[in-house]
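Engineer: Before we start, here is the structure in question, set down as C-alpha cells.
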Amino acid sequence: DFYDHWGMNVKRTVKAFLVGYGGASTITQQLARTLHLNLERSYIRKLKELIIAIHIEQTYTKDEILEMYLNSVHFGHGTYGIQAAAKLYFNKDVQNLNLDEGAMLIGLLPAPARFTPIHFPDVAIQRRNLVLQNMVVTGKISKWDYANALNQNTSVAPRRESLGIAPYFTEYVRQEISDLGDRYNINIYRDGLEIYTTLNSRMQLIAEEALQNHLRYQQKKLDRRLLANRKEMISLLGIPADSVAHLSNDSLFHLIPKHQRVVQGSFFAIDPENGAILAMIGGRDFEESKFNRAVQAERQAGSIFKPFVYTAAVDNGFSPSDQVLNQPVVIIEANGTRWTPTNYNGKTGGLMTMREGIQWSTNLVSIRWAQKVTPAVVRDYARKMGLTTRIDAVESISLGTSPTRLSELVAAYAVFPNQGVWNKPFAITRVLDRNGHEVYHSPRDTREVLSRETAYIMTDLLRTVVDAGTGGSIRWKYQFTGVPAGGKTGTTQNFTDALFVGFTKNLCAGTWVGVDDPRVSLGEGQAGAVAALPIWATFMKKTYDELGLPVKDFNMPPGVRSIEICSETKKLPTEYCPTTTEIFNVRYAPKTRCTVHGKNSSRSNRGVDF
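Next comes the structure, spelled out in C-alpha cells:
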C-alpha cells in the first residue's frame, strides 16, 4: 500500500502503539528514521518519525521517496544503497541487474544478516521467490516473467573484499566499535558510521614491508634447519620414527602443520605522547590466521623484561654507576630444585655497573638487581607500567619468563621517552553518525607512573643499548643514525622468541618473531638482535627518511645531573683519578670522594654544587 498511504498506515500504527514496537513503519517512516533520527526505541522517537514522514510525503513524489529509500537502506555486510549492494552481491551496476537479482536484493531488506545470499543462499532464494510472487500478484510483472525468473539460478558473485593495508588493525577497530555499541547505541553494520582512527597509512606500509621481507628471510633459515633435522621433525609430528622410515625428509617436512613450521611475526607502533596506535601487524597473513599476535598473543619477553628490573632499582635510589657482581648465583626454587642461570655468552666477571649490565644484557647482573629490590617490587613496577598478564614474583622474573603481550610492552617502554607518563594505546579518535553528529570521542586513559628523573635515567640507559650495546647494529649496520633512540633486545630460552622494543622521542615500536608453537626454535643464534631488531631498525630508518619526522632529543629534567666520577671507584674523583661521566638523580648522587687515588689532592676538598 506504499502508493496509497500518506506517510503512515493508520491501522498498523495504532496496533503497534497498543501491543508494542515493530512492524508498523512504512517505507517513508523508515526513510525518515534513516535520514534524520537515531535508533532509540521510544514513543517520542516514533512520533517524530511520523511527523517527518508526513513532511517527506508532502515534499516528494512516491517514486522520489522510493529512490531515496533504496539509496540509503542497509543491504548487509556494511553496505548501504542498492547500487553498492548490486556491486557487492553481483558485481554489477544496478541498471544491469536481472529481474531475479533485483528481487533477491529487495528480499534482503527486512533482515539482511539473516537473509544474506553469501551465508544463507537457500533462504535468499526463498526471499527472492516471495518478492517475485508479490510482484506478479500486484501486476508489476507478467506470469511469464515470473516463471522465467523463478527458473534462474541467481548466482551470487560477491567481489573479493579488499583486506586493505592494515587488516589486523581494521579488525581491531571493528571489535572496539562492537564493544562500544551497547554503551553508545551504535551499530557498525547499520548506522552508516564515519570512524576516524589513529593509523598512519605510510608507517603501516613501511612496517609491512620491513616485517614481510625479514620473515621471508627467517623462513628460509627455519626451513633449511628443519629439513636437515629429521629427529626434530619426527618429534614435532609426535609419531614413531619407524612409522615414517619410508618417507624422505622433504615429505616429512610437508606433513608438519603450518603452526609448527611457519615463522610468524607481529609489529606494534604508537605515539609515546598520547598512545595513538600508528601501525599494527598481527601476523604474516590475515587470511590464513586472524589471530592478532600484537595484542592477543602471550609469549615470554626474555631480556625485554630487564628494564623493569632496572626501573625498580633506579626509582628506589640506585644509580647507573652502582655495581653488582657478574658471578654465578644458585637459586632454590619453590619446589626445592636448584636453578643456576648463566649469561648468554657463558662468561662471568667481576663487578659490573648497572649501565654495563643493561648495555650487554647480562643475565647474572639483572638477577642480582632483582634480588636487591626483590622480585615482588619488580612485578609491581611492571604492573604500574601497564602489564596485565600473569607475572610471577620469582628470581627468574628478571629474565622475562612470565608471559607478556607485545602491545603492552610497547606502551610500557613509551613511558621512558614520555617522562614517566603511561598512555593506554587507542585506535579510534571519534565516530560520526551518517548525519555528521559525533556519537563517540575517545577518552584519554593516562597516568603518571614514574618520576621524570627515573624515566630519563632509564631512557639514557637504553640509549646505551642502541648506541654501543646489543642493539648497536641499528647504528653501524642498518644506518639509523642521527636520531636519539633507545631500546632493548629480547631472546627467550632455546631461541623460541625474538623481540626488540625501542623508541625515539616521537615514536615507540616493538616487534616479535617466532613460531606459533612455542616448542619450535628459530634456530641457534637467532637472538633478538638478529631475528627481530632488523625489522625495527628498517622501519625506523625508512620512517624518518621518508616521512620527515622531526628529530627530537630527550629532555633532561632539572633533577638529573651529569657528574664526573672516578671510573674505578665510582666516587667523586681526586686529581689522580681516571674519570668518566655518569648521570644521577641529584638526590642519590655520590657524596664521598675516592680514597684509592689520593686524599690530599687540590681537588679533594672540592664538592659538587647541586
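Per our numbering, the very first residue in the sequence shown carries number 871; after that it's consecutive. Glycine is no exception: its CB is placed at the ideal position from the N, C-alpha and C atoms.
1. Are Q1289 and N1425 touching if we call contact CB-CB under 9 Å?
2. Pull up the distance between the alpha-carbon of L1276 and that of K1411, whole angstroms please.
3. I'd like to know whether the C-beta atoms of Q953 and V943 end up nearer to each other than 9 Å.
4. Is there contact between the stretch 1364-1373 and the stretch 1389-1399, where contact requires at least three CB pairs shorter than 8 Å?
5. Give every residue of the same chain whose Cβ lies closer than 6 Å to the Cβ of L1106, excluding the five residues on either side of it in the sequence, and list them in chain order.
6. So, helix, strand or coil for G1477, using DSSP?
7. Expressed to the nearest angstrom, what Euclidean distance is found between the alpha-carbon atoms of Q1170 and I1261?
8. Could you check the C-alpha separation between P1404 and H1084 for me, to the nearest Å?
9. Can you grab the Cα-Cα spacing for the pair M1512 / V1114, in whole Å?
10. Could you tell me which residues DSSP pairs with T1450 in its beta bridges?
11. Just mark G1341 as buried or exposed, buried being the case when its beta carbon has 16 or more other beta carbons within 10 Å.
12. When the Cα atoms are used, what is the spatial distance from G1270 to G1172?
13. Can you list, in chain order, the residues of its chain with a C-beta nearer than 7 Å to that of M1328? Leave out the 5 residues immediately preceding and following it.
14. State yes or no: is the beta carbon of E1203 nearer than 9 Å to at least one beta carbon in chain C?
15. What would DSSP say about H1129, mapped onto helix, strand or coil?
16. Tell me whether N1119 is buried or exposed, calling it buried when 16 or more other Cβ atoms sit within 10 Å of its Cβ.
17. If we ignore side chains and look at the alpha-carbon of each, how far apart do G1152 and R1163 end up?
18. Quick test of your reading: P987 and A994, contact by CB under 8 Å. State the CB separation rounded to the nearest angstrom.
19. Within the same chain, show all residues whose beta-carbon is closer than 8 Å to that of I976, passing over the 5 residues directly before and after it, in chain order.
20. If you draw a straight line from the alpha carbon of Y1414 to that of R1072, how long is it in whole angstroms?
21. Going by DSSP, name the residue or residues bridged to W1209.
22. Alpha carbon to alpha carbon, what distance is there between F985 and N999?
23. Could you pull out every unbroken beta strand (DSSP E) segment of at least 3 residues lying fully inside the stretch 1045-1087, listed in chain order?
24. What would DSSP say about D992, mapped onto helix, strand or coil?
25. Which word fits Q1074, buried or exposed, when buried means at least 16 other C-beta atoms lie within 10 angstroms of its C-beta?
26. If we ignore side chains and look at the alpha-carbon of each, how far apart do E1079 and G1360 end up?
Structural biologist: Result, derived from the coordinates:
1. Pairing Q1289 with N1425 gives a Cβ-Cβ distance under 9 Å.
2. In this structure, the straight-line span from the alpha carbon of L1276 to that of K1411 is close to 21 Å.
3. no
4. Taking 8 Å as the limit for Cβ pairs, the verdict is that the stretch 1389-1399 does touch the stretch 1364-1373.
5. I1126, Q1130
6. Per-residue confidence for G1477 stands at a pLDDT of 48, beneath the threshold of 50, marking its modelled position as unreliable; the derived number appears in the next sentence. In the three-state reduction of the DSSP assignment, G1477 falls in the coil class, being assigned neither a helical nor a strand state.
7. Q1170 and I1261: Cα-Cα distance of roughly 10 Å.
8. 7 Å
9. Not covered by the structure: residue 1512. The range shown for the chain is 871 to 1480.
10. I1435
11. The C-beta of G1341 has 16 or more other C-beta atoms within 10 Å across all chains shown, which makes the residue buried.
12. 4 Å
13. P1177, Y1180, T1181, V1184, F1286
14. Of the chains in the structure shown, none is chain C; there is only one protein chain.
15. DSSP places H1129 in helix when its eight states are reduced to three.
16. exposed
17. Cα to Cα, G1152 sits roughly 5 Å from R1163.
18. 4 Å
19. V1001
20. So the alpha carbons of these two residues sit roughly 11 Å apart.
21. I1201
22. When rounded, the distance between both Cα atoms is 13 Å.
23. Correct list: 1064-1067.
24. helix
25. buried
26. 22 Å
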